[in-house]
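Anchor point for the sequence shown: position 11 equals 405 in the working numbering, and the numbering is continuous, going up by one each time. Note that beta-carbon positions come from the ideal geometry of N, C-alpha and C, so glycine has one too. Comments concern the structure below.
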Amino acid sequence: MVNWSDVKPEDLEYAERAFNHGIKKEEYEEMFRHPIDIKGFKEKGEIRYRLIGKSYGKYILAIVTWNKGKVKIFSGREASEKYKTMYKKR
């Protein structure tokens, strides 16, 4: 079981496409300090997670996986209104 709020910057790895939607490394790092919604799903034979968190005033949605003590971020973007509303209700 992953304790997401304990993830540190040195625990993060980034796929090349993690930055395609303008999310910066520092924003990902901050997001892990404030994760609010985490949902696991299976894709390509592995467990991945959809995380939503707040970072410097933005709500970010990221797709990640946990492997050998590292969190690999596949992609991220600013969360849609649907997900922002989900976050604000908590």
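- In the DSSP annotation of this structure, the continuous segment of the beta strand (DSSP E) that includes K433 starts and ends at 429–437.
- Collapsing the DSSP output to three states places A473 in coil.
- Secondary structure at A409: coil, using DSSP grouped into helix, strand and coil.
- Here the C-alpha atom of I417 lies approximately 16 angstroms from the C-alpha atom of R427.
- Here S399 is exposed: its Cβ has fewer than 16 other Cβ atoms, across all protein chains shown, within 10 Å.
- By DSSP's assignment, K452 forms a beta bridge with S449.
- Between the alpha carbons of L406 and K466 lies a distance of about 6 angstroms.
- A Cβ-Cβ contact shorter than 8 angstroms links A412 with S469.
- Residues of the same chain with a CB within less than 7 angstroms of the CB of P403, apart from the 5 flanking positions on each side, are E423 in chain order.
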